[in-house]
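Before any comments, here is the structure.
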Amino acid sequence: MNSAADDLDPASLEGASFDLVRRGFDPTAVRAELQLAAQEIRRLRLARDELTGRLAEYKDVTADHLEAHQVAEALGVEATQVLEAAHLAAKERAERAEREADAVRDEALAAADTTRAEAQAARDELAAQATKDAELIVEDGRTRGRDMVAEAQAVRERMLKDLARKRQTGRAQVEQLRAGRDRLLESLTIAQGSLDTAVDDLVTSVPEARSAAERAGMRVTSEPTPTADELEREIESARLVGHPLVDDLSDPASVDEIFATGEVEALSHLDDVLDEGAEGDAEDESTADESSDDEDVALYDVEAEDDAPEPQPEAEPEDDPEPDGNAVDDVFAKLRSAQSDEDADTEPEPDPEPEPEPEPESAPDAVSLDDDRAAARERAADAATKAMKKVLVDEQGTLLDGIRRSGAAGLSIVIDDDATHRAPYDAAARPALKELSAELGGSKRSRLAAAFGQIDALALAPVRQRLREVAEHVDDADELSDTVRALYRESRDRRLVDAAAAAAVAVDGMVVVAATKGSVQWRVATDGPCGPDCADNELEGAVKAGSTFPTGDKHPPSHPGCTCWLEFAD
Numbered sequence: 001m002n003s004a005a006d007d008l009d010p011a012s013l014e015g016a017s018f019d020l021v022r023r024g025f026d027p028t029a030v031r032a033e034l035q036l037a038a039q040e041i042r043r044l045r046l047a048r049d050e051l052t053g054r055l056a057e058y059k060d061v062t063a064d065h066l067e068a069h070q071v072a073e074a075l076g077v078e079a080t081q082v083l084e085a086a087h088l089a090a091k092e093r094a095e096r097a098e099r100e101a102d103a104v105r106d107e108a109l110a111a112a113d114t115t116r117a118e119a120q121a122a123r124d125e126l127a128a129q130a131t132k133d134a135e136l137i138v139e140d141g142r143t144r145g146r147d148m149v150a151e152a153q154a155v156r157e158r159m160l161k162d163l164a165r166k167r168q169t170g171r172a173q174v175e176q177l178r179a180g181r182d183r184l185l186e187s188l189t190i191a192q193g194s195l196d197t198a199v200d201d202l203v204t205s206v207p208e209a210r211s212a213a214e215r216a217g218m219r220v221t222s223e224p225t226p227t228a229d230e231l232e233r234e235i236e237s238a239r240l241v242g243h244p245l246v247d248d249l250s251d252p253a254s255v256d257e258i259f260a261t262g263e264v265e266a267l268s269h270l271d272d273v274l275d276e277g278a279e280g281d282a283e284d285e286s287t288a289d290e291s292s293d294d295e296d297v298a299l300y301d302v303e304a305e306d307d308a309p310e311p312q313p314e315a316e317p318e319d320d321p322e323p324d325g326n327a328v329d330d331v332f333a334k335l336r337s338a339q340s341d342e343d344a345d346t347e348p349e350p351d352p353e354p355e356p357e358p359e360p361e362s363a364p365d366a367v368s369l370d371d372d373r374a375a376a377r378e379r380a381a382d383a384a385t386k387a388m389k390k391v392l393v394d395e396q397g398t399l400l401d402g403i404r405r406s407g408a409a410g411l412s413i414v415i416d417d418d419a420t421h422r423a424p425y426d427a428a429a430r431p432a433l434k435e436l437s438a439e440l441g442g443s444k445r446s447r448l449a450a451a452f453g454q455i456d457a458l459a460l461a462p463v464r465q466r467l468r469e470v471a472e473h474v475d476d477a478d479e480l481s482d483t484v485r486a487l488y489r490e491s492r493d494r495r496l497v498d499a500a501a502a503a504a505v506a507v508d509g510m511v512v513v514a515a516t517k518g519s520v521q522w523r524v525a526t527d528g529p530c531g532p533d534c535a536d537n538e539l540e541g542a543v544k545a546g547s548t549f550p551t552g553d554k555h556p557p558s559h560p561g562c563t564c565w566l567e568f569a570d
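In terms of the working numbering, the sequence shown opens at residue 1 and continues consecutively.
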């Protein structure tokens, strides 16, 4: 028998299952055919087993043939013939049964081969269909992926174009501001020239006015003094014509007020100022230079007044002294004060101004920094500004002294080493910034490198750059001193204030970033000075703490004057 046919299990064939795919054979029809094949195999196996049993019986009869011969010898010829006929009949039946069994077995094997081939073909077709469907799914995924990449590229190009447009707009605004600044500087230069001309005219005209006043006084004093009768007649004549001065003569105290005009008061102020200016001209040259430098430093920081040197003893005034710049300023101030007092006495009282209408309340959706948090930032910025101004005053005095001694080489203490220049400012601002960090919930040991970087970028680096340019192109000591004074005046009035505010904002952002391992989001004040860049950071939404926003910053500020802050994301 065929061992492959014996290994074929009808039960496994009947219970066989295949993967389901689209556009394949009907699973129900395939399973029905497999069940029929299994039933046919069982029937053929039963027939085979029956025939095998019958063959075994015939083999037993053949094995007993020798005994039949022995029986035939005993029983005789007739019995022998009967036994031989039975043996032949059994042999024929056995051969016929074997032929039928072989035919049934061959038929069953053929049917099994056919069924196996059909099942194999069905399986191959199902596998091919599954492979085809998988390729279609993969191709569809690739197509969708390419579409998504193309869409992302389109969004990226749109964002880059938007950024380029915003950058172009910002550059245009910057150029406009620069042009406006240049025009204002030109106007200020013209105004300064006009003011210098006016001051020169005033200085020249004061002695002439004094001489004219003396001549007029001498002319009046040379006239004969009127008698009492003459005065009475003049008063009576004035009363008859209704002169307004006569009505106030009854009050003796008002006589001085009537004749104390604004011009007389202005001339009195000029005499006082010129006398004060003349006292300072008699001092020696070295004392004048030292006091001038100390006065320049004191102008930059009121807090440095305690460090100013003691005033030198005053010398005797000289004849017709020329007033200095401060005296001229006092002259103008007193003239304006006298004129305003005179105008206030003569002009009628203005009508009461209407009460201003109450300002509308801010919209409910307005975004602003918490008052306590904003106040803490402002206090820290003020404290840091005051501390750094003291350093600035000392540094300016050192530079001016170096310029007097060695010219442009005296600027080397600032321009040679950036770290040395930064160190005293960082040390001055550190206590206020650490106090702010603790007040906002951070640690006093927090690293303040980002805050110090803001101070250097906004206040110190521009000064070093300008001083390097001046040291390369200017040799005159006076011009160098004027440049240093102007540069440090600008730093005191604007740069240090902006730098301290930016440092306080940076400390606030660093505290928020250090306080969480989650996400934070950028917030912009509704009425603040921030522009589209900060708005883009806010639109970015929640960002993991320590990661960069669209402007490339991990926390505010993103530009000079930025008032943004960070909040914990929900």
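All residues carry an ideal CB built from backbone N, CA and C; glycine is no exception.
Check, Outcome
"Those residues which DSSP pairs with Glu567 across a bridge", "Gln521"
"Strand pairing of Val543, partner residues [DSSP]", "Val520"
"Cβ distance (whole Å) where Thr563 is taken to contact Val505 below 8 angstroms", "7 angstroms"
"Cβ neighbours of Asp301 in the same chain (closer than 8 angstroms, five flanking residues each side left out)", "Confidence in Asp301 is poor, its pLDDT being 41 and thus under 50, which makes the residue's placement unreliable; the coordinate value appears in the next sentence. For Asp301, where only same-chain residues beyond five positions count, the Cβ hits under 8 angstroms are Lys389, Lys390, Leu392, Val393, Arg492."
"Pro532 - DSSP class collapsed to helix/strand/coil", "helix"
"Three or more C-beta pairs below 8 angstroms linking the stretch 456 to 463 and the stretch 421 to 429", "yes"
"Alpha-carbon spacing of Lys132 relative to Val138, whole angstroms", "10 angstroms"
"The stretch 479 to 493 touching the stretch 424 to 431, judged by at least three CB pairs closer than 8 angstroms", "no"
"Asp251 burial status per 10 Å Cβ neighbour count (16 or more: buried)", "For Asp251, the predicted structure reports a pLDDT of 49, less than 50, and the residue's modelled location is therefore unreliable. The matter cannot be settled from this model."
"C-alpha distance - Arg144 paired with Arg158, whole-angstrom precision", "21 angstroms"
"Three-way DSSP call (helix, strand, coil) for Arg447 in this model", "coil"
"From Thr483, Ala86, Ala450, Asp475, residue whose alpha carbon lies closest to that of Arg466", "Thr483"
"For Ala503, the nearest candidate out of Val543, Glu469, Ala451 (CA to CA)", "Ala451"
"Contact check, Ala383 vs Gly441, beta carbons under 8 angstroms", "no"
"Minimum C-alpha distance to Ile413 - residue among Arg495, Arg464, Pro529, Lys444", "Arg464"
"Inter-residue Cα distance where the pair is Leu177 and Leu184", "10 angstroms"
"Beta-carbon proximity of Ala111 to Ala37, cut-off 8 angstroms", "yes"
"N- and C-terminal bounds of the alpha helix (DSSP H) containing Leu458", "It is not in any alpha helix (DSSP H) - Leu458 carries neither H nor E in the DSSP assignment."
"Leu480 vs Gly531 beta-carbon contact at 8 angstroms", "no"
"Contact check, Ala381 vs Ala461, beta carbons under 8 angstroms", "no"
"Contact check, Thr398 vs Val497, beta carbons under 8 angstroms", "no"
"Counted within 10 angstroms of its Cβ, other Cβ atoms place Val520 as buried (16 or more) or exposed", "buried"
"Nearest-angstrom Cα separation, counted from Arg485 out to Gln396", "8 angstroms"
"C-alpha distance - Glu175 paired with Glu208, whole-angstrom precision", "49 angstroms"
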